[in-house]
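Beneath this line is the structure, given in structure tokens, with notes to follow.
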DNA sequence: TAGTATATGTCATGTTAGCTAACATGTCAA
DNA sequence: TTGACATGTTAGCTAACATGACATATACTA
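Chains as they are written, first to last, in the numbering used here: chain E, 357 to 483; chain Z, 357 to 483.
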């Protein structure tokens, strides 16, 4: 789409971006240093920002004010880029272990009649 | 599914959870305080954890070691719960503003022949 | 009933993240 | 060529985060 073009074109100088975002140059460089933005560069090494960059910066600003730190923001950005990421809660406990633990717990529980929360015949869930 | 049952059943005492996760009681309580886990309680107010809770705790431990802070973890958990969340980069700059900015920039650029990055006739993208 | 395990709350502390300030140097429009 | 603007770097401040450490009270276990 044509619009995408515009938003990703590096046109804006540091100066303008500072005004547009209310961030200091140092802050912006800091975020770049931590790979949260990747502005383009002129041949003379000066940063040129796209409007997407602006949005990103504003997002950063927003999340920081929420208490999320740089590492967190980075993580979140990655999740957005790759929503399919194998980010499922990795089951560190296997079903085998699980069964063992549960079994043991159940025995203790039965021995002492302290199936506190779920009263009744819990054992039907495990064998 | 039957398995889900097991994993979400609150069975495990603080003691066991500490061993299973390698976390201190203080840490676990701290995470609960910040609403990252919601263990069930016995009538006597004692925490009872499910295996899902364990997974959550291990995830927290992992992310913390990665440098993500509590606020970030919270945010990420919410994103997982609600992937559809209106988390699209909110366009703080309207297309109108955008056009104005770009136009101005373009004029300067043309005046000074410094369309630095993208050489050529940029103006065809904007009017 | 004694003893161990938890709960909750408060105070303390180390570490570090995010930032400011200040340079000396380099770019770039006029 | 000049002055405003940017650059990378270094040094240092400050606030807060995540835990530890206690103290006291209540809950379980034996």
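Ideal placement from N, C-alpha and C gives every residue a C-beta, glycine not left out.
Taking all protein chains shown into account, decide if residue i is buried (16 or more other Cβ within 10 angstroms of its Cβ) or exposed.
i, result
"residue 418/E", "exposed"
"residue 382/E", "exposed"
"residue 412/Z", "buried"
"residue 376/E", "buried"
"residue 481/Z", "Confidence is the limiting factor: at residue 481/Z the pLDDT is only 34, short of 50, which leaves the residue's position unreliable and the question unanswerable from this model."
"residue 485/E", "Residue numbering for chain E in the displayed model covers 357 to 483; residue 485/E lies beyond these limits and cannot be assessed."
"residue 415/E", "buried"
"residue 400/E", "exposed"
"residue 378/E", "exposed"
"residue 367/Z", "buried"
Of the choices the options, whose alpha-carbon is the least far from that of residue i?
i, options, result
"residue 365/E", "400/E, 394/E, 423/E", "394/E"
"residue 434/E", "402/E, 422/E, 404/E, 392/E", "392/E"
"residue 423/E", "380/Z, 409/Z, 387/Z, 430/Z", "430/Z"
"residue 363/E", "432/E, 436/E, 409/E", "409/E"
"residue 387/E", "369/E, 438/E, 437/E, 420/E", "420/E"
"residue 425/E", "370/E, 407/E, 390/E, 438/E", "390/E"
"residue 398/E", "370/E, 374/E, 439/E", "370/E"
"residue 372/E", "396/E, 405/E, 385/E", "405/E"
Looking at the strands, I want to know which residues DSSP matches up with residue i.
i, result
"residue 369/E", "404/E"
"residue 396/Z", "404/Z"
State yes or no: is the C-beta of residue i nearer than 7 Å to some heavy atom of the ligand GTP?
i, result
"residue 396/Z", "Of ligands this structure carries none, so the ligand GTP is not represented either."
Relative to chain E, which residues along the segment 413 to 443 of chain Z have a C-beta separation below 9 Å, given in chain order? Those residues of the segment 413 to 443 of chain Z that come within reach of chain E (Cβ to Cβ, closer than 9 Å) are 414, 415, 418, 419, 422, 423, 424, 425, 426, 427, 428, 429, 430, 431, 432, 435, 436, 439, 443.
Please give the ranges of any alpha helix (DSSP H) in the segment 398 to 437 of chain E, keeping only runs that are unbroken, at least 4 residues long and fully inside the region. As far as the segment 398 to 437 of chain E is concerned, its whole alpha helix (DSSP H) runs of at least 4 residues are 407 to 422, 426 to 437.
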